[in-house]
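For what it's worth, our numbering labels the leading residue of the sequence shown as 0, then goes sequentially. Note that the Cβ used here is the ideal one computed from N, Cα and C, for glycine as well.
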Amino acid sequence: MIHAGTYGTLSFSDIDELVLQRKEDFDRIKADFEIFGVGDARMINRSENVTLNGTRMGPYNFFIKPKGTPDPYCYELRIETRATFIDSAGNQVSLAKAADFHERVTGIKMRPVAAEKCFTPGPDQNEFRLGGKTKG
């Protein structure tokens, strides 16, 4: 997954709070798809906010594939969010002045990726497979 801007990797478990916001939707996705446990997300950089530098925020992107199918992962799961930035007193502020933020899931999209962008995990990456330990 290559995107414009600053992106960094994260674990699917890092977004557990967001998954709970749309639990039924994610339960359906997990029933039918294997999610690769490492994805990427927008990363706040130092020029935007020193305090939140390096923090990940939506959109979040993970490779997925139908359960029981061989590698590669040829679909992308994209979790879109809306962030509300707050200062240390809990007041809503701009990103530049924020001490923290909260996110709400605004959309969940699944789409096929071009064949040349499909992802095949290496043998040392099997621990990151969620929902199955299939091999291609």
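(request) Identify, in the order they occur along the chain, each residue of the same chain with its Cβ nearer than 8 Å to the Cβ of residue 85, setting aside the five sequence neighbours on each side. (result) 91, 92, 97, 98, 99, 100, 101
(request) Work out the CA separation of residue 63 and residue 117 for me, nearest whole Å. (result) 10 Å
(message) My output table needs one value for residue 60: the three-state DSSP class, helix, strand or coil.
(response) strand
(message) Tell me the residue span of the alpha helix (DSSP H) that contains residue 116.
(response) No alpha helix (DSSP H) contains residue 116, which DSSP labels as neither H nor E.
(request) Return helix, strand or coil for residue 0, following the three-state DSSP convention. (result) Low confidence applies here, because residue 0 scores a pLDDT of 48, under 50, leaving its location unreliable; read the following figure in that light. Three-state result, residue 0: coil.
(message) DSSP three-state label for residue 76, please.
(response) strand
(request) Count the other C-beta atoms from every protein chain shown that fall within 10 angstroms of the C-beta of residue 114, then say buried if there are 16 or more, exposed otherwise. (result) exposed
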